[in-house]
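S.K.: Pasting in a structure now, in structure tokens, and then I'll have a few things to ask.
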Amino acid sequence: MTERCDVLVVGAGPAGLAAAQAAASHGARVALVDMQANAGGQVWRRDARRPASDPARERLDALLAGARVRWLGQAQVVAAEPGQVLVEQAGTAIELSYGALVLATGARELLLPFPGWTLPGVTGAGGLQALVKQGWPIAGRRVLVAGSGPLLLAAAATAQRHGARVVAICEQAPAARLHAFARHLWRWPGKLAQAAALRARLAGTPYRTGRWVVAAHGEGRVVEAELNDGERIAVDQLAVGYGLVPNLELAQQLGCELQAHGAHACVRVDALLRTSVASVYAAGEVCGIGGRDCALVEGAMAGHAAAGAVEAARALQPRRARARAFAALLPEHFRLDPRVLAAATPDALVCRCEDVRLGEIDAHADWRAAKLATRCGMGSCQGRVCGAALAQLRGPAFAPSLSAAGPRPPVFPVRLAALAAHGAAPHAPPPAASEPITHSVPQGTVP
Amino acid sequence: MSAAPVRLDIDGVAVEVPAGASVAAAVALAAPHFRRSRSGQPRAPLCGMGVCFECRVRIDGVEHQRSCLVPAREGMRVACDD
Chain A
0 MTERCDVLVV
10 GAGPAGLAAA
20 QAAASHGARV
30 ALVDMQANAG
40 GQVWRRDARR
50 PASDPARERL
60 DALLAGARVR
70 WLGQAQVVAA
80 EPGQVLVEQA
90 GTAIELSYGA
100 LVLATGAREL
110 LLPFPGWTLP
120 GVTGAGGLQA
130 LVKQGWPIAG
140 RRVLVAGSGP
150 LLLAAAATAQ
160 RHGARVVAIC
170 EQAPAARLHA
180 FARHLWRWPG
190 KLAQAAALRA
200 RLAGTPYRTG
210 RWVVAAHGEG
220 RVVEAELNDG
230 ERIAVDQLAV
240 GYGLVPNLEL
250 AQQLGCELQA
260 HGAHACVRVD
270 ALLRTSVASV
280 YAAGEVCGIG
290 GRDCALVEGA
300 MAGHAAAGAV
310 EAARALQPRR
320 ARARAFAALL
330 PEHFRLDPRV
340 LAAATPDALV
350 CRCEDVRLGE
360 IDAHADWRAA
370 KLATRCGMGS
380 CQGRVCGAAL
390 AQLRGPAFAP
400 SLSAAGPRPP
410 VFPVRLAALA
420 AHGAAPHAPP
430 PAASEPITHS
440 VPQGTVP
Chain B
0 MSAAPVRLDI
10 DGVAVEVPAG
20 ASVAAAVALA
30 APHFRRSRSG
40 QPRAPLCGMG
50 VCFECRVRID
60 GVEHQRSCLV
70 PAREGMRVAC
80 DD
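Dropping the structure here:
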């Protein structure tokens, strides 16, 4: 099955929804693809127990009512090339050709290893928030939220609203830097109000600065979190996240130029959000972590530009500059204390898919060598978790986004049956092996 | 106005979750872990958003489904420990 659209938007979070809306407003036929069942991304993820409040639903409904937007939920782009992508949805492959493409693939949490982080009951901070919104049982449970950044407050508030007892929030940044951050917020009254509302809702919850988790203890599941000051806290659930990193797999597969973004990378775009690849635009977190406001304005810009309405895109540039100025405060004020990284001991597993310890990685010079020798990054998540962790822990040589051994097709593991049902697929491996799932493999041979 | 709860079978245990909940939420109510790692360690969801693949289970006979991405549907049969 092959379909055609003018503007393809990958990702239906705030950036993707705004892009689809902007492109459709100029009469473009838009296809919107997201791997979640519902639009909204992580920021507007639907809450199963509070379905009434769903800003993404309203936007999507409005879009779909216009009949110029084709919505592909629970669908994944598994391969991409100029002008065409292969999407897998419900076990079938759909070939989608496009005039312009907007990458709004968002970000994932930076998850850093420490002894015990593989125990059931240990999640990311945003991870816990996402799970709780999807009905994860949390009422009455003792939860410790730790890591860094504004997301910790949001995650704690969500857990608490669903009946959890948040025993503490541990922020690795020192108090002085958080106060400095707060002093900047008057320039963004909306952010200030948001932060104040979250703090008020969490008024009874201890907020500790300069504290981080060095280990999780338990047999079969987490029962205790150990902090850097030696304190041990009894928990039923431990949520640890160190901020966000852009999802670059699709951009890389398309050959978009990247640029450094802290220890990680983001897509390089020009003032109209054009990537280095013709007709491919990028918006939101994939261009650097900026949050919802940034995603909304960049999504709209990219959508206008992708539909050929360059002036409409240009008119939004001042709003974008303002949103990006706020984003620039985050890495400065929430930068990771090098001692946080030391919680990743040589014995800690870094690759959870292949059970590879950090100490095994350190025998190798770079990501590619480590991957070939240890199978690190070759499991189901295709290095999404350990790759970002290693970029942070061991530097650019271990960053898959900067390596020739970075992501390869398929972008996500895909059932061969889906590809076979479709026939010849761009880039996809031939449906011959008996393995039900294909994974990305190291590129070529070691030089 | 919320829809009726959804009932699933998790490794032979009957579980009820609110409409709109994920299969991951249902598994959490019934199973001690979602899968075992290569070296046999118990594992459960980490990212909650389809990135880490730690929550993968078999749903209605189809292996390697990320349970955090799949909305729970009436009568689903879920097997952990694949």
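Protein sequences appear in the order of chains A and B. Take 0 as the starting number for the first sequence in numbering that gives the first Met the number 0 and just add one per residue. Take 0 as the starting number for the second sequence in numbering that gives the first Met the number 0 and just add one per residue. Positions of the beta carbon are idealized from the N, C-alpha and C atoms, including for glycine.
Can you tell me whether A/D269 is buried or exposed? The criterion is at least 16 other CB atoms within 10 Å of its CB, across all chains shown.
M.R.: Position 270 of the first sequence, counting from 1, holds the residue named residue 269 of chain A. It counts as exposed.
S.K.: Is B/Q40 close to chain A, meaning its C-beta is less than 8 Å from at least one C-beta of that chain?
M.R.: By 1-based counting over the second sequence, the position of residue 40 of chain B is 41. Answer yes: the Cβ-Cβ gap between B/Q40 and chain A drops below 8 Å somewhere.
S.K.: According to DSSP, which residues form a beta bridge with A/W70?
M.R.: On the first sequence, position 71 is the one that residue 70 of chain A refers to. Answer by DSSP bridge pairing, in chain order: A/L31.
S.K.: To be precise: take each residue of the stretch 377-405 of chain A, compare its Cβ to all Cβ atoms of chain B, and keep it if any distance is under 9 Å. Which residues remain?
M.R.: Cβ contacts with chain B come from G378, S379, C380, Q381, R383, V384.
S.K.: If contact means a Cβ-Cβ distance below 7 Å, which residues of the stretch 181-195 of chain A contact chain B?
M.R.: Those residues of the stretch 181-195 of chain A that come within reach of chain B (Cβ to Cβ, closer than 7 Å) do not exist; the list is empty.
S.K.: Indicate whether B/V77 and B/D8 have their beta-carbon atoms separated by less than 8 Å.
M.R.: Residue numbering aside, residue 77 of chain B sits at position 78 when the second sequence is read from its first letter. Residue numbering aside, residue 8 of chain B sits at position 9 when the second sequence is read from its first letter. Yes, Cβ-Cβ distance for B/V77 and B/D8 is below 8 Å.
S.K.: Cβ atoms of A/T204 and B/R42: under 8 Å apart, would you say?
M.R.: Start at 1 with the first residue of the second sequence, and residue 42 of chain B comes out as number 43. Start at 1 with the first residue of the first sequence, and residue 204 of chain A comes out as number 205. It is not a contact, given that the beta carbons lie outside the stated cut-off.
S.K.: Where DSSP assigns a beta bridge to A/R3, which residues make up the other side?
M.R.: Along the first sequence, read from residue 1 onward, the residue named residue 3 of chain A stands at position 4. Paired residue(s): A/S96.
S.K.: Use the C-beta contact count for B/V61: other C-beta atoms within 10 angstroms, 16 or more gives buried, fewer gives exposed.
M.R.: For the purposes of this step, residue 61 of chain B is taken as the residue at position 62 of the second sequence. Classification for B/V61: exposed.
S.K.: Kindly indicate if chain B contains any beta-carbon less than 8 Å away from that of A/V9.
M.R.: Counted from its first residue, the first sequence places residue 9 of chain A at position 10. It does not: the Cβ of A/V9 has no partner Cβ on chain B nearer than 8 Å.
S.K.: Judging by CA-CA distance, which residue of A/V221, A/A154, A/A324 is the nearest neighbour of A/C293?
M.R.: On the first sequence, position 294 is the one that residue 293 of chain A refers to. Residue A/A324 is the option with its Cα nearest to A/C293.
S.K.: If we call anything under 8 Å between Cβ atoms a contact, is A/V285 one with A/A250?
M.R.: Looking up residue 285 of chain A in the first sequence gives position 286. Looking up residue 250 of chain A in the first sequence gives position 251. A contact, by the Cβ cut-off of 8 Å.
S.K.: Check for me: the alpha helix (DSSP H) holding A/H161 runs from which residue to which?
M.R.: Position 162 of the first sequence, counted from the first residue, corresponds to residue 161 of chain A. Unbroken run through A/H161: none, as it is neither H nor E.
S.K.: Strictly below 9 Å CB to CB, what residues from chain A border B/P4?
M.R.: Taking the first residue of the second sequence as 1, we reach residue 4 of chain B at position 5. Residues of chain A passing the Cβ test: none, with the nearest at roughly 10 Å.
S.K.: By DSSP's criteria, A/H263 is part of a beta bridge. Which residues make up the other side?
M.R.: As a first step, residue 263 of chain A is located in the first sequence; it is residue number 264 there, counting from the start. In DSSP, A/H263 forms a bridge with A/H260.
S.K.: Candidates A/E297, A/L328, A/A327, A/A326: which alpha carbon is nearest A/R313's?
M.R.: In the first sequence, counting from the first residue as 1, residue 313 of chain A sits at position 314. The option with the nearest alpha carbon to A/R313 is A/E297.
S.K.: Along the stretch 41-65 of chain A, what residues have a CB closer than 7 Å to any CB found in chain B?
M.R.: For the stretch 41-65 of chain A, which is checked against every Cβ of chain B, the residues closer than 7 Å are Q41, R45, A47, R48, P50.
S.K.: For A/R351, return the contacting residues in chain B, with the cut-off set at a CB-CB distance below 8 Å.
M.R.: Here residue 351 of chain A refers to the residue found at position 352 when the first sequence is read from its first residue. In chain order: S36, R42, L45, C51, E53.
S.K.: Figure out for me which residue from A/V29, A/R107, A/A36, A/L59 has the closest Cα to the Cα of A/I288.
M.R.: Start at 1 with the first residue of the first sequence, and residue 288 of chain A comes out as number 289. Nearest option by C-alpha distance: A/R107.
S.K.: On the criterion of 16 or more Cβ atoms from any shown chain inside 10 Å, does A/W366 qualify as buried, or is it exposed?
M.R.: Sequence index remark: in the first sequence, residue 366 of chain A carries index 367 (1-based). Buried is the call here.
S.K.: On the three-state DSSP scale, how would you describe A/R198?
M.R.: Position 199 of the first sequence, counted from the first residue, corresponds to residue 198 of chain A. Three-state result, A/R198: helix.
S.K.: For the alpha helix (DSSP H) containing B/C67, list its first residue and its last residue.
M.R.: Here the question's residue 67 of chain B lines up with position 68 in the second sequence. Taken as a continuous stretch (DSSP letters only), B/C67 belongs to no alpha helix (DSSP H), as it is neither H nor E.
S.K.: Measuring straight from C-alpha to C-alpha, what distance separates A/A304 and A/F411?
M.R.: Here residue 304 of chain A is taken as the residue at index 305 of the first sequence, counted from 1. Here residue 411 of chain A is taken as the residue at index 412 of the first sequence, counted from 1. The alpha-carbon atoms of A/A304 and A/F411 are separated by roughly 28 Å.
S.K.: Against chain B, which members of the stretch 117-131 of chain A pass a CB distance test of less than 9 Å?
M.R.: Listed in sequence order: T117, L118, P119, G120, V121, T122, G123, G125, G126, L127, Q128, A129, L130, V131.
S.K.: Would you report the Cα separation of A/T1 and A/P50, rounded to the nearest angstrom?
M.R.: To locate residue 1 of chain A, count along the first sequence from 1; it is residue 2. To locate residue 50 of chain A, count along the first sequence from 1; it is residue 51. Approximately 34 Å between the Cα atoms of the pair.
S.K.: Return yes when the Cβ of A/A18 is within less than 8 Å of the Cβ of A/V86, no when it is not.
M.R.: Stepping through the first sequence from its first residue, residue 86 of chain A is reached at position 87. Stepping through the first sequence from its first residue, residue 18 of chain A is reached at position 19. No, the pair does not count as a contact, with Cβ atoms beyond the cut-off.
S.K.: Taking Cβ positions only, does A/Y97 come closer than 8 Å to chain B?
M.R.: Counted from its first residue, the first sequence places residue 97 of chain A at position 98. Output row for A/Y97: interface = no.
S.K.: Could you please give me the residues that DSSP links to A/L127 through a beta bridge?
M.R.: For the purposes of this step, residue 127 of chain A is identified with residue 128 of the first sequence, where counting begins at 1. Paired residue(s): none; A/L127 is not in a bridge.
S.K.: Evaluate the contact criterion for the stretch 70-90 of chain A versus the stretch 215-232 of chain A: three or more CB pairs, one atom per stretch, below 8 Å.
M.R.: Too few Cβ pairs lie closer than 8 Å, so no.
S.K.: Buried or exposed for A/E218, going by 16 or more other Cβ atoms inside 10 Å?
M.R.: The residue you call residue 218 of chain A lines up with position 219 of the first sequence. With fewer than 16 Cβ atoms within 10 Å of its Cβ, A/E218 is classed as exposed.
S.K.: Quick one: is B/G19 near chain A, going by C-beta distance under 8 Å?
M.R.: Sequence index remark: in the second sequence, residue 19 of chain B carries index 20 (1-based). Yes, contact with chain A.
S.K.: For chain B, check one thing: does any of its Cβ atoms lie closer than 8 Å to the Cβ of A/L110?
M.R.: To locate residue 110 of chain A, count along the first sequence from 1; it is residue 111. For A/L110, the answer is yes, since a Cβ of chain B falls inside 8 Å of its Cβ.
S.K.: Which two residues bound the contiguous alpha helix (DSSP H) that contains A/G386?
M.R.: Here the question's residue 386 of chain A lines up with position 387 in the first sequence. Run containing A/G386: 383-393, per the alpha helix (DSSP H) assignment.
S.K.: For A/L295, which residues of its own chain have a beta-carbon under 6 Å away from its beta-carbon, when the five flanking residues on both sides are left out?
M.R.: Along the first sequence, read from residue 1 onward, the residue named residue 295 of chain A stands at position 296. Here the set comprises P13, A17.
S.K.: Can you give me the C-alpha to C-alpha distance between A/R141 and A/G40, rounded to a whole angstrom?
M.R.: As a position in the first sequence, residue 141 of chain A is number 142, starting the count at 1. As a position in the first sequence, residue 40 of chain A is number 41, starting the count at 1. Approximately 27 Å, taken between the alpha carbons.
S.K.: Between which two residues does the alpha helix (DSSP H) holding A/A204 run?
M.R.: Mapped onto the first sequence, residue 204 of chain A falls at position 205. Per the sequence shown, residue 204 of chain A should be read as Thr rather than Ala. Counting along the chain, A/T204 falls outside any alpha helix (DSSP H), and DSSP gives it neither H nor E.
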